[in-house]
Amino acid sequence: MAFLLPIAAGAAILTGIVGLVSSIRSAFRKKNIKPNPVVAETARRINEARGRTSTAPPTSAQAETRRTVPAGGKPPDARREGGSPSRGGGEGKRVEEDLRKAAEAAAERAEQERRKAVEQRAQAEEAAERDRQERMGAVEEMLRMSVKHQEAEWARQAAENAVAEARAAREMAEMKLREGIRPVLLPTLEEFDAAKERMQYQENLFHFAVVGSAGSGKSSLVNALRGVRNGKAGSAPTGTSETTMETARYPDSNSSSPFVWYDVPGAGTQSTPDWKYFIEQGLYIFDAIIVVYGDRFTEIDIAILRNCARWQIPTYIVRSKAIMHIQNSMNDLLGSDDEDEEDVPTSLFDRGRGPAFSARHAEARDRARGKYIKETRRDVATNLARAELQDQRVYIVDNVVLVPIVRGKEHPDIIDEVQLYRDLLTEAKCRRIAEND
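Numbering-wise (our numbering), the sequence shown opens with residue 131 and increments by one.
Structure follows, in structure tokens:
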């Protein structure tokens, strides 16, 4: 940037910019420029997405409660009573012996009856226990079947819900595509690293991208922001068709300024589909993105702004070719279409340098200028509101005016050129340079 000390009558308006550029250069010399927070945050999000698993853990089955019923015990063995018969002589002894034997026989029979009754009772208890356990087993089996049925029902419902959600998501995506709402993608780690390498990204520099539709005047704006006029040595090539097929990197024309300007291929061209534009062009690595348009604020411009909002990248909406648009409107108001005049004059005041310039021309110029500014701001505000994006300023500029501003000189047709350059550098300084520098 060939930034000279202001010497024109309107130099006061540029004094702040001179000091701003000087402070940024000083921080660059002192190596006091912090890393770009957008790049660091983007890297974090990419790594977070990379580590996230795509499958959900399976649903755990409910635990089954089993009851253990102790088996019934066997009755204790009956104790036998007995003794050795005494032997004696005589009839009395025989009678006594017979009576004893009869008593023993009766006791034996009674014991047998008792054991039989005990065994029968034990068998009845065992039968009752078996029946109880069979009933419990049947109940537990019913519970297990009920649990399995419930789990199967839950699984079926979950599967149906997943199918319904997928169908709804697909229908929503199709609806958004029909309405022109493009998906917002996150770059892969490989794409992120490749973009930084392709752009020759350096942590200690400020990287500014100028983007927009083909023919919007972005290449001319890149030249003007560097203080270089179109067609001069080192300028970006310009033309009515898309002349930028790959992102072009242009260091600032003053080597002491840590600025790098990028002329990005126009969105919506055959070689660059608009919905992949943000990712493929690596716009997530820049300190700021200038969205420039010429005639109409388009869906492509909205898509870029939406992606920038997601990554919290500062954006500047610029409508270019202000002098040409105002001159055309002025001609319409005057009812004149003088083919002898240049298509793009160097100033709206050119007519005032001759006797033919009248109060009528001055009035037409002022009306055309006011009408152009009002309609431009209203159009951008309407499009931002329709896209549900936060309202922001649109800078109305012309590269013919911007070049002397960047060089530290005044111009009679200033609209938003000074504010654009000042806001761009102020925001960059706040994000990247310590306050005490």
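Cβ atoms here follow ideal geometry from the backbone N, Cα and C, with glycine treated the same way.
Supposed contact pair residue j and residue i - C-beta distance, whole angstroms, cut 8 Å
i, j, result
"I526", "I544", "That pair is no contact at about 10 Å."
"V421", "I447", "5 Å"
"K406", "G424", "Contact doesn't hold; Cβ gap of about 23 Å is too wide."
"N166", "D417", "6 Å"
"I419", "I154", "Rounded, the Cβ-Cβ distance is 19 Å, inconsistent with contact."
"N513", "F427", "5 Å"
"G357", "V536", "4 Å"
"L532", "A324", "About 33 Å separates the two Cβ atoms, so there is no contact after all."
Same chain, Cβ closer than 6 Å to residue i, five either side skipped, listed in chain order
i, result
"K348", "V340, G342 and V422"
"P388", "F158, L335 and F336"
Residues bridged to residue i [DSSP beta-bridge criterion]
i, result
"T445", "I419"
"A378", "D393"
"F427", "Its beta-bridge partners do not exist; DSSP assigns none."
"F336", "F389"
"I163", "I563"
Beta-carbon contacts of residue i that lie in its chain and below 7 Å, excluding the five residues immediately before and after
i, result
"A498", "I456, S459, M460 and L463"
"K326", "I415"
"A511", "D521"
Per-residue burial, residue i [other beta carbons within 10 Å of its own, 16 or more giving buried]
i, result
"N291", "exposed"
"R174", "exposed"
"P367", "exposed"
"T445", "buried"
"G156", "Per the sequence presented here, residue 156 reads as Ser, with Gly not at that position. Classification of S156: exposed, given that the 10 Å Cβ count is below 16."
"K559", "buried"
"T318", "exposed"
"V352", "buried"
"H541", "buried"
"S385", "exposed"
"M302", "exposed"
"D496", "exposed"
"Q280", "exposed"
"M573", "Nothing about residue 573 can be read from this structure; the chain reaches only from 131 to 567."
"Q332", "exposed"
"D382", "buried"
"V293", "exposed"
Cβ neighbours of residue i in the same chain (closer than 8 Å, five flanking residues each side left out)
i, result
"E376", "P395"
"A494", "M460, L463 and L464"
"L555", "I147, L150, V151 and I154"
"D528", "S450, K451, A452, I453, M454, D543, I545 and E547"
Curious, which full-length alpha helix (DSSP H) runs of at least 4 residues does the segment 483 to 526 contain?
-> Whole alpha helix (DSSP H) segments, 4+ residues: 489 to 516.
Output the residue ranges of the alpha helix (DSSP H) runs that lie fully inside the segment 238 to 293 and measure 4 residues or longer, sorted by chain position.
-> Complete alpha helix (DSSP H) runs here, min 4: none at all.
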